[in-house]
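Enquirer:
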Amino acid sequence: MIQMKTAQFVVLAAVLAAALICESAFCRVKLVTVKTTAAGAAGYEALKANKSSGMIKASPKTEVEMQYEIIRRDLQNRKRIIGHADQTFNRQSLILDSDRDCLDVILRRTAALLDDLVKTPAGPDLTQPAAELKKLHAQAVGVELEATEERFELFEKACKLRRRIAFSNPLLDFDKILFIKRHRSGFNHMCDQYYGVNTKPGGGICVLTDPFGDAPQLTDVLADSVVQRGRLKGQKLTGGSFLSPDLSWDGKTIVFAYVECTGDTAHRYHTDPSRGHWDPGRCYHIFKVNVDGSGLEQLTDGTWNDFDPCWLPNGRVAMISERRGGYLRCGRVCPTYTLYDMKADGTDIRCLSVHETNEWHPSVTNDGMIVYTRWDYVDRHGCTAHLPWITTPDGRDARAIHGNFAPRELRADMELDVRAIGGSNRFVATGAPHHGQAFGSLVIFDPRIEDNDAMAPVKRLTPEVDFPETQGGAQVYGTAWPLSEKYYLCVYDAGMKKGMGRQGQRFVRGNYG
Numbered sequence: 112m113i114q115m116k117t118a119q120f121v122v123l124a125a126v127l128a129a130a131l132i133c134e135s136a137f138c139r140v141k142l143v144t145v146k147t148t149a150a151g152a153a154g155y156e157a158l159k160a161n162k163s164s165g166m167i168k169a170s171p172k173t174e175v176e177m178q179y180e181i182i183r184r185d186l187q188n189r190k191r192i193i194g195h196a197d198q199t200f201n202r203q204s205l206i207l208d209s210d211r212d213c214l215d216v217i218l219r220r221t222a223a224l225l226d227d228l229v230k231t232p233a234g235p236d237l238t239q240p241a242a243e244l245k246k247l248h249a250q251a252v253g254v255e256l257e258a259t260e261e262r263f264e265l266f267e268k269a270c271k272l273r274r275r276i277a278f279s280n281p282l283l284d285f286d287k288i289l290f291i292k293r294h295r296s297g298f299n300h301m302c303d304q305y306y307g308v309n310t311k312p313g314g315g316i317c318v319l320t321d322p323f324g325d326a327p328q329l330t331d332v333l334a335d336s337v338v339q340r341g342r343l344k345g346q347k348l349t350g351g352s353f354l355s356p357d358l359s360w361d362g363k364t365i366v367f368a369y370v371e372c373t374g375d376t377a378h379r380y381h382t383d384p385s386r387g388h389w390d391p392g393r394c395y396h397i398f399k400v401n402v403d404g405s406g407l408e409q410l411t412d413g414t415w416n417d418f419d420p421c422w423l424p425n426g427r428v429a430m431i432s433e434r435r436g437g438y439l440r441c442g443r444v445c446p447t448y449t450l451y452d453m454k455a456d457g458t459d460i461r462c463l464s465v466h467e468t469n470e471w472h473p474s475v476t477n478d479g480m481i482v483y484t485r486w487d488y489v490d491r492h493g494c495t496a497h498l499p500w501i502t503t504p505d506g507r508d509a510r511a512i513h514g515n516f517a518p519r520e521l522r523a524d525m526e527l528d529v530r531a532i533g534g535s536n537r538f539v540a541t542g543a544p545h546h547g548q549a550f551g552s553l554v555i556f557d558p559r560i561e562d563n564d565a566m567a568p569v570k571r572l573t574p575e576v577d578f579p580e581t582q583g584g585a586q587v588y589g590t591a592w593p594l595s596e597k598y599y600l601c602v603y604d605a606g607m608k609k610g611m612g613r614q615g616q617r618f619v620r621g622n623y624g
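Residue numbers (my numbering): 112 to 624.
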């Protein structure tokens with residue numbers, strides 16, 4: 112999850128590894144797709160074979176090499192990606208007829224980024240970067256496609272210039288990013304990914320200071336923190352795993368979920384709603400802590416998973432919890448979790464949703480409502496209709512934002528991590544799989560557009576990545592935080608391949624940064 116509460120602090124949930132913010136996320140110009148020329152393909156093979164050039168290796172290592180390789184792969188898929196043109200929000204994220212190789216793509220998108228930022232109110236002075244970009248364009252014109260080493264050198268320069276331009280965006284008016292590090296769940300299913308028994312130990316609550324500078328500093332928020340209240344009083348939160356941080360509206364307090372990863376992993380089979388199904392040490396519980404690491408408190412406990420805490424404008428905290436009881440309707444035994452809220456001290460826990468199947472990822476809309484994802488499993492295909500709903504802060508008048516009846520192949524199985532875009536009627540979400548986790552391709556949707564039970568209200572932000580499972584795409588993007596309709600922070604793993612991360616496939620580590 113990514114959430115900005117003040118102009119100085121942004122919350123970012125990263126999966127595993129370090130929080131590396133790809134500049135492409137700020138440009139909304141990640142890598143797209145085109146058919147490569149014969150010269151370009153041959154040149155890439157020559158680059159891989161060149162042991163002394165220090166450029167593209169068989170397994171890309173540097174960020175520039177990775178981006179070059181991804182664009183190259185996208186260039187081979189022009190037909191597939193251009194097929195999404197009518198569903199794409201920004202034309203610059205497509206491959207155009209003028210794009211011959213990776214250098215053409217990066218130069219075009221960098222020019223589009225610069226042009227957009229120059230037109231932004233109170234935009235930065237980009238006179239010098241514009242001159243540098245013009246020079247790179249001129250140099251590119253003078254280098255033949257077959258001169259692959261020279262064109263890669265220009266590509267690398269263009270990437271560095273794009274980074275400088277992207278980081279001059281006036282929307283990046285904060286100097287700290289709050290995020291978590293964690294492993295992907297050990298079970299790839301939309302429900303099971305959030306059962307604590309499937310969690311792998313490791314990670315933490317971190318702050319990246321000066322994230323857009325030359326030397327960002329990483330801080331472990333809980334390095335010296337000891338729990339002050341609750342069953343774990345006197346202990347440090349080590350050996351477990353973290354999930355879903357959320358920053359208070361004043362930017363002072365973090366709520367998050369934590370599982371100890373201790374105790375047995377057995378499921379308690381029963382139908383008594385007053386009891387949970389797991390060992391308390393295998394359940395996610397809600398905690399809160401001040402941003403400086405002080406005041407660490409345990410807010411919830413028991414034999415239920417409580418996670419996805421979300422600060423509400425009324426001072427309460429929404430969350431997702433198994434406390435309602437019940438199971439999903441498929442063949443396996445999967446406890447249902449739905450929307451709840453509580454006071455900020457963990458008392459007065461209330462069920463906001465009486466829905467009988469799973470719900471996910473509450474956040475607050477621009478008008479103070481709660482938006483979340485609901486599995487509307489009634490007279491529908493069992494793997495579809497996990498789409499956005501809204502409700503009042505006290506759980507009244509729950510209703511779908513847009514229709515749920517699309518044929519499966521026309522849209523993503525799920526729209527997860529839904530967030531309102533400031534100053535807009537639109538929302539951003541992740542188009543994710545049913546048999547997978549909360550990653551996929553990013554979309555933007557407008558509830559004002561009449562629904563055609565397909566994609567009418569929905570546009571693709573990342574058209575180079577098809578929707579996982581329904582269209583065979585990879586679980587690449589996740590947890591988008593909108594800075595505007597055009598610019599987003601998100602987590603991203605370029606190494607995810609089609610089919611990876613689905614249950615039944617090989618285990619996938621997931622390096623989302």
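Idealized CB from N, CA, C, for every residue including glycine.
Computed from a prediction, not measured in an experiment: that's the story for all the values here.
1) Given this structure, state the Cα-to-Cα distance separating LEU283 from ASP528, to the nearest angstrom.
2) What do you reckon, are the CB atoms on ALA509 and GLY404 nearer than 8 Å?
3) When the Cα of VAL229 is compared with those of TYR369, VAL318 and PRO281, which residue comes out closest?
4) Taking the CB atoms as reference points, tell me whether ARG293 and GLY314 lie closer together than 8 Å.
5) Report yes if the C-beta distance between LEU594 and LEU572 is below 8 Å; otherwise report no.
6) Rounded to a whole number of angstroms, what is the C-alpha to C-alpha distance between ILE555 and TRP592?
7) Between which two residues does the beta strand (DSSP E) holding CYS317 run?
8) In or out: PRO424 buried (at least 16 other Cβ within 10 Å) or exposed?
9) Given ARG434, which residues of its chain have a CB within under 6 Å of its CB, disregarding the five upstream and five downstream residues?
10) Among VAL175, PHE200, ILE192 and LEU265, which residue has its Cα nearest to the Cα of LEU84?
11) Using the C-alpha atoms, what's the distance from VAL489 back to MET566?
12) For ALA605, which residues in the same chain have their Cβ closer than 6 Å to its Cβ, ignoring the five residues on either side in sequence?
13) Would you identify the three-state DSSP class for HIS248, choosing helix, strand or coil?
14) Applying the criterion that 16 or more other CB atoms from any shown protein chain within 10 Å of the CB defines a buried residue, is CYS601 buried or exposed?
15) Are the CB atoms of TRP500 and ARG485 within a distance shorter than 8 Å?
16) If you drop the 5 nearest sequence neighbours on each side, which residues of the same chain put their C-beta closer than 7 Å to that of ASP459?
17) Could you tell me how far apart the beta carbons of ILE291 and PHE353 are, in whole angstroms, since I believe they sit closer than 8 Å?
18) Quick one: any contact between the region 372-381 and the region 355-364, if contact means 3 or more CB pairs under 8 Å?
19) Less than 8 Å between the beta carbons of LEU214 and PRO240, yes or no?
20) Could you tell me the alpha carbon to alpha carbon distance between SER209 and VAL216, rounded to whole angstroms?
21) Is it a yes or a no for the region 466-476 touching the region 524-540, going by three-plus beta-carbon pairs under 8 Å?
22) Thinking C-alpha only, which one of ASP505, HIS513 and ARG537 is nearest ALA496?
23) In terms of residue numbering, what span does the beta strand (DSSP E) encompassing PHE418 cover?
24) Taking DSSP as the reference, what is the three-state secondary structure of THR259?
25) Give the DSSP-derived three-state secondary structure of MET177 in the structure shown.
26) Nearest-angstrom Cα distance between LYS146 and LEU225?
27) Would you kindly work out how many angstroms separate the C-alpha atoms of THR148 and ARG211, rounded to a whole number?
28) Using C-beta distances below 7 Å, list every residue in its chain close to CYS302, excluding the 5 sequence neighbours before and after it, in chain order.
29) Per the DSSP calculation, CYS462 is bridged to which residue(s)?
30) Are there 16 or more other CB atoms within 10 angstroms of the CB of VAL143, so buried, or fewer, so exposed?
31) Which residues mark the beginning and the end of the beta strand (DSSP E) in which LEU354 is found?
32) Roughly how many angstroms lie between the CA atoms of SER432 and MET525, to the nearest whole one?
33) Alpha carbon to alpha carbon, how far is GLU596 from ARG537? Give it in angstroms, no decimals.
34) Give the DSSP-derived three-state secondary structure of VAL400 in the structure shown.
35) Residue range of the alpha helix (DSSP H) that ALA57 falls in?
Expert: The short version:
1) 21 Å
2) no
3) PRO281
4) yes
5) Taking 8 Å as the Cβ cut-off, LEU594 and LEU572 do not qualify as a contacting pair.
6) 12 Å
7) 315-320
8) exposed
9) Result list for ARG434: TRP415, in chain order.
10) Since the first residue shown for the chain is 112 and the last is 624, residue 84 is missing from the structure and cannot be characterised.
11) 21 Å
12) MET177 and ILE181
13) helix
14) Buried, by the Cβ-count rule.
15) Remark: C-beta atoms of ARG485 and TRP500 approach each other more closely than 8 Å.
16) MET453
17) ILE291 to PHE353, Cβ: 5 Å. Contact.
18) no
19) no
20) Distance between the alpha carbons of SER209 and VAL216: 9 Å.
21) yes
22) HIS513
23) Run containing PHE418: 417-422, per the beta strand (DSSP E) assignment.
24) helix
25) helix
26) With a pLDDT of 30 at LYS146, under the threshold of 50, the modelled position of that residue is not reliable, and the figure given next carries that caveat. When rounded, the separation of the alpha-carbon atoms in LYS146 and LEU225 is 26 Å.
27) Confidence at THR148 is low in this model, with a pLDDT of 39, below 50, so the placement of that residue is unreliable and no value is reported for it.
28) LEU439, CYS445 and ASN469
29) TYR451
30) Low confidence applies to VAL143: its pLDDT is 26, below 50, so where it sits in the model is not reliable, and the reading given next is rough at best. The Cβ neighbour count for VAL143, taken over all protein chains shown within 10 Å, is at least 16; the residue is labelled buried.
31) Note, LEU354: beta strand (DSSP E), 352-358.
32) 19 Å
33) In a straight line, the C-alpha of ARG537 is about 8 Å away from that of GLU596.
34) strand
35) Past the boundaries of the shown model lies residue 57; the chain is included only from 112 to 624, so the question cannot be answered.
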